[in-house]
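See below for the structure under consideration.
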Amino acid sequence: MTKQQEYIRKPEWLKTKINTNESYQSIKKMMRENRLNTVCEEARCPNIHECWSERKTATFMILGDTCTRACRFCAVKTGLPNELDWNEPERVADSVAIMGLKHVVVTAVARDDLNDGGAAVFAETVRAIRRKNPGCTIEILPSDMKGDYESLFALMDSKPDIFNHNIETVSRLTKRVRARATYDRSLQLLKRVKEIAPDTPTKSSIMVGLGETKEEIIQAMDDLLAHNVDIMTIGQYLQPTKKHLSVERYYHPDEFAELKKIALEKGFSHCEAGPLVRSSYHADEQVSATAAQRRIKYMQGYEKQEDKQIDITFFE
12 MTKQQEYIRK PEWLKTKINT NESYQSIKKM MRENRLNTVC EEARCPNIHE
62 CWSERKTATF MILGDTCTRA CRFCAVKTGL PNELDWNEPE RVADSVAIMG
112 LKHVVVTAVA RDDLNDGGAA VFAETVRAIR RKNPGCTIEI LPSDMKGDYE
162 SLFALMDSKP DIFNHNIETV SRLTKRVRAR ATYDRSLQLL KRVKEIAPDT
212 PTKSSIMVGL GETKEEIIQA MDDLLAHNVD IMTIGQYLQP TKKHLSVERY
262 YHPDEFAELK KIALEKGFSH CEAGPLVRSS YHADEQVSAT AAQRRIKYMQ
312 GYEKQEDKQI DITFFE
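Counting with our numbering, you get residues 12 to 327 for the letters of the sequence shown.
Here it is, written out as structure tokens:
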């Protein structure tokens with residue numbers, strides 16, 4: 012199979028049913044009216060219809076729609092970014108309320124032009140969402156902020172429910188796949204978060220199909236665990252355009268099932284692995300018991316029971 016054929020032809024298990032129902036269309040219309048960006052759209056996520064229409068989750072992309080990096084796997088446009096929009100946090104929070112989301116992921120384009128990498132806007136967005144949507148759990152997925160750990164303190168002060176930062180691929184392939192980011196710096200960022208906020212779950216993701224070996228994937232698992240990461244997601248890389256990196260091979264669902272089994276046996280508290288899994292896939296199931304209890308109180312009308320442990324699988 013040639014590279015061109017590989018780009019055009021995909022296995023049957025990668026085909027998804029598109030559900031552009033009224034709920035999905037109304038959400039998309041609201042996003043445009045509020046001048047909001049979502050990584051669901053920008054990164055062409057295959058799960059957008061499930062998340063928006065069924066699971067009541069969404070991933071907002073703040074700090075504009077133009078990234079200062081040009082990673083060879085990513086569909087988000089690259090160039091000179093716009094000025095910061097300090098009204099964006101309130102618009103995101105209002106949209107979360109209108110959509111009735113139970114879990115929201117806040118990510119952003121890389122803003123290497125900013126001294127803090129956008130941490131201040133990130134933190135204000137978390138606070139605005141929490142203020143207007145007290146029952147909604149919040150996950151943040153920032154860039155490595157160029158290793159500026161002072162900015163990390165400011166960001167974690169907003170108290171997100173999950174901190175997510177993706178290593179994206181195995182160590183050997185990082186230089187070819189990612190722009191400006193390094194494998195070790197991403198691991199250090201995740202470790203620092205745990206030192207700052209020990210009770211906050213940390214999470215990372217890798218794509219497969221870029222030429223990595225099974226041994227390298229397992230090594231990535233060990234590296235994440237060595238840096239106190241709690242949650243891992245593993246998904247198939249899908250080439251967004253002909254200009255991006257080619258897919259080396261497609262993993263079978265059984266292979267993903269095996270990788271998930273290995274990850275859980277190694278000690279991750281939660282692992283999502285599958286052909287269409289992305290970093291925020293089923294993210295609402297990965298929050299801590301404390302965050303889940305808050306969601307029960309505000310979004311399902313249950314009284315908080317401090318002496319009762321909440322089973323996260325309740326939300327599946």
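Note that CB positions come from ideal geometry on N, CA and C, so glycine has one too.
The model shown is predicted, which means the values in this text are computed figures rather than measured ones.
Contacts around residue i, its chain only, beta-carbon distance under 7 Å, and the 5 residues preceding and following it disregarded
| i | result |
| --- | --- |
| LYS319 | Unreliable positioning characterises LYS319 in this predicted model, as indicated by a pLDDT of 41, which lies under 50. A coordinate reading is not provided. |
| SER147 | Checking the sequence shown, residue 147 turns out to be Cys, not Ser. For CYS147, where only same-chain residues beyond five positions count, the Cβ hits under 7 Å are VAL107, LEU112, LYS113, HIS114, VAL115, ILE140. |
| LEU221 | THR180, LEU184, VAL188, TYR248, LEU256, GLU259 |
| ARG122 | LEU74, THR79, PRO92, GLY128, GLY129 |
| ARG203 | TYR160, LEU163 |
| VAL240 | LEU201, THR213, LYS214, SER215 |
Cβ shell of residue i (< 6 Å), same chain only, five flanking positions each side left out
| i | result |
| --- | --- |
| LYS272 | none |
| ARG191 | ARG80 |
| SER182 | TYR194 |
| ALA284 | ILE245, PHE267, LEU270, LYS271 |
| HIS8 | For residue 8 there is no data in the structure shown, the boundaries of the chain being 12 and 327. |
| LYS21 | none |
Distance between residue j and residue i (C-alpha atoms, nearest Å)
| i | j | result |
| --- | --- | --- |
| GLU23 | ASP265 | 14 Å |
| ASN175 | MET110 | 23 Å |
| ASP233 | ILE73 | 31 Å |
| PRO171 | TYR261 | 34 Å |
| CYS82 | HIS281 | 27 Å |
| ILE242 | PRO286 | 18 Å |
| LYS118 | GLU150 | Inspection of the sequence shows that residue 118 is occupied by Thr rather than by Lys. Straight-line Cα distance between these residues: approximately 8 Å. |
| SER329 | ASP96 | What the structure shows of the chain is the stretch from 12 to 327, and residue 329 is not part of that stretch, so it cannot be assessed. |
| VAL288 | ALA268 | 12 Å |
| GLN250 | LEU236 | 28 Å |
| PRO153 | ALA165 | 13 Å |
| LEU25 | ILE245 | 15 Å |
| THR224 | HIS263 | 14 Å |
| GLU94 | GLU226 | 44 Å |
| LYS186 | LYS254 | 17 Å |
| THR136 | ASN98 | 9 Å |
| VAL219 | SER290 | 13 Å |
Expected contact under 8 Å - CB spacing of residue i and residue j to nearest Å
| i | j | result |
| --- | --- | --- |
| ILE228 | ILE217 | 7 Å |
| ALA134 | ASP168 | 6 Å |
| THR70 | VAL120 | Not a contact, Cβ separation roughly 13 Å. |
| ILE178 | ALA231 | 7 Å |
Cβ neighbours of residue i in the same chain (closer than 8 Å, five flanking residues each side left out)
| i | result |
| --- | --- |
| THR252 | ALA86 |
Original post:
Counting Cβ pairs closer than 8 Å, one from the segment 273–290 and one from the segment 96–104, do we hit at least three?
Top reply: no
**OP:** Decide if the segment 132–141 is in contact with the segment 199–212; the criterion is three or more beta carbon pairs, one per stretch, under 8 Å apart.
**Re:** Judged by Cβ distances under 8 Å, the segment 132–141 makes no contact with the segment 199–212, as fewer than three pairs qualify.
Original post:
For the 8 Å Cβ check, are there 3 or more pairs between the segment 152–167 and the segment 193–207?
Top reply: yes
**OP:** At 3 residues or longer, and completely inside the segment 217–268: list those beta strand (DSSP E) runs for me, N to C.
**Re:** 242–247
**OP:** Check whether the segment 124–135 touches the segment 80–87, counting contact only when three or more Cβ pairs, one atom from each stretch, lie closer than 8 Å.
**Re:** no
**OP:** Note down, one range per segment and in chain order, each beta strand (DSSP E) of at least 3 residues found wholly within the segment 102–188.
**Re:** Runs of beta strand (DSSP E) with 3 or more residues, each lying fully within the segment 102–188, are found at 114–119, 148–152, 173–175, listed in chain order.
**OP:** Jot down the residue ranges of each uninterrupted beta strand (DSSP E) in the segment 63–97, minimum 3 residues, whole runs only, in chain order.
**Re:** 68–73
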